[in-house]
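Numbering (this note's numbering), first residue to last: 1 to 432.
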């Protein structure tokens, strides 16, 4: 028998723009997207919904803590108290209700290896003592995906060093030299794959492709009419997927102890991203997630709307705003169709998470995204807490700041959607 869902209406305003001042100032480079971002965040945090306010804000804390995002943890600790939360809960996971702590497992899986989620995780939440309603589960999933990706955005826009000194100190403890993380990745990759890298004067990975060269490639691809067979499309995806797995996302340094302020909200801190393709088989990972089998448009959108009234409208508008946003400019050039470049970025991000868009030619990824950009994208998605402002400044150097923010918004939303696709697919399997 279906549980009666208690809907919690608006109380305080924990997510007005002033509370996210620094982050929204950056997002505000793109007002069309900002409107959808603010509307979505207000809806999931303030409007009628299955979860109570203390749960909503605490889930935001738990999600941000997975990526050591001190700024968001601090913000939502304040919001938690402002909305009547029990101060004892802020002492850590051992001090929260068993029902709320039960979401920790899904939190860590969605944050780092969403392909490991299965319908049994959903079932464990919805049965037994302190059980969740399915609507509550979906609300929590939406919050987790939102704040995982927002935490990433704070890092990969280089915001942490200006937002909080604590994060700055944590990152500095990780830096063994004055090189950026991406330069250190280049050194590491070169040492392991020297025979595969073309000769160059300094022995480093080839520099970024210039904007003019990128524009020529986009134009050439737009004029191309060749059609590939299904087999060839599949092989090209596998090639890009394998390359992504071989690309080192982070410097292999000794792990830094998680600060107590963050660690008290984190179960199993050693659980982090591992490449989808290299783990396939080792952890009973299913085959590639194919969009033709479960897509946002055809499946996820309607399911999330059914279980959490109207949230799908807000999410869909936000995804479309990020995916379709364009000013037809790039690095001061005008009348430029960037759709090929934007689609390559979106699909490459979801490829990192084991998701394949069946109708897409992944050969375009290697033509439009050079290795430094791929390294930045992979690190931003999988280990955002390792990115510093120097890393942000050292990639896509010809682009304006607003254009780099635009790319980071696509990273944010493509990752958000990937998490939701994995989670909602398992909700559907649980229901059927």
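From the three backbone atoms N, C-alpha and C, an ideal C-beta is built for every residue, glycine too.
- The alpha-carbon separation between residue 380 and residue 263 amounts to approximately 21 Å.
- Minimum Cα-Cα distance from residue 330 among the listed residues 140, 210, 103, 134 corresponds to 210.
- Here residue 41 is buried, its C-beta having at least 16 other C-beta atoms within 10 Å.
- In this structure, residue 116 and residue 145 do not form a Cβ contact; the two beta carbons are roughly 15 Å apart against a cut-off of 8 Å.
- Inclusion of residue 322 and residue 409 in the CB contact set at 7 Å is warranted, their separation being smaller than that value.
- Here residue 353 has 418 as same chain residues with Cβ atoms under 6 Å from its own Cβ, once five neighbours each way along the sequence are excluded.
- Between residue 90 and residue 77, the alpha-carbon positions lie close to 7 Å from each other.
- Taking a cut-off of 8 Å for Cβ pairs, the segment 45–52 and the segment 120–129 do not touch, as fewer than three such pairs fall below it.
- Beta-bridge partners of residue 330 (DSSP): 333.
- For residue 355, the three-state secondary structure derived from DSSP is strand.
- Counting along the chain, residue 39 sits inside the alpha helix (DSSP H) bounded by residues 31–46.
- The C-beta separation of residue 316 from residue 301 comes to about 6 Å, placing the pair in contact by the 8 Å criterion.
- The three-state secondary structure of residue 289, taken from DSSP, is strand.
- In the DSSP assignment, residue 241 falls within the unbroken alpha helix (DSSP H) covering 230–246.
- About 6 Å separates the Cβ atoms of residue 377 and residue 348, confirming a contact at the 8 Å cut-off.
- When C-alpha distances from residue 152 are compared across 341, 336, 423, 65, the shortest belongs to 65.
- The alpha carbon of residue 61 has as its nearest neighbour, out of 33, 103, 31, the alpha carbon of 103.
- From the listed residues 341, 56, 92, the smallest Cα separation to residue 217 is found for 341.
- Within its own chain, the residues whose Cβ lies closer than 8 Å to the Cβ of residue 357, once the five positions on either side in sequence are excluded, are 291, 347, 350, listed in chain order.
- Between the alpha carbons of residue 299 and residue 311 lies a gap of roughly 14 Å.
- Judged by DSSP secondary structure, residue 372 falls within the alpha helix (DSSP H) whose first and last residues are 371–382.
- Ranked by Cα distance from residue 233, the options 364, 421, 96 are led by 364.
- Taking C-beta atoms under 8 Å as the contact rule, residue 385 and residue 68 qualify, at a distance of about 5 Å.
- Excluding the 5 residues flanking it on each side, residue 308 has same chain C-beta neighbours closer than 8 Å at 49, 50, 135, 138, 139, 142, in chain order.
- In this structure, DSSP gives residue 128 a state outside helix and strand, which the three-state scheme calls coil.
- Approximately 40 Å separates the beta-carbon atoms of residue 215 and residue 303; this is outside 8 Å, ruling out the contact.
- In this model, residue 238 and residue 426 are separated by some 24 Å (Cα to Cα).
- Comparing alpha-carbon positions, the option among 219, 404, 27 lying closest to residue 373 turns out to be 404.
- In this structure, the straight-line span from the alpha carbon of residue 273 to that of residue 244 is close to 13 Å.
- In this chain, the alpha helix (DSSP H) harbouring residue 76 covers 70–82.
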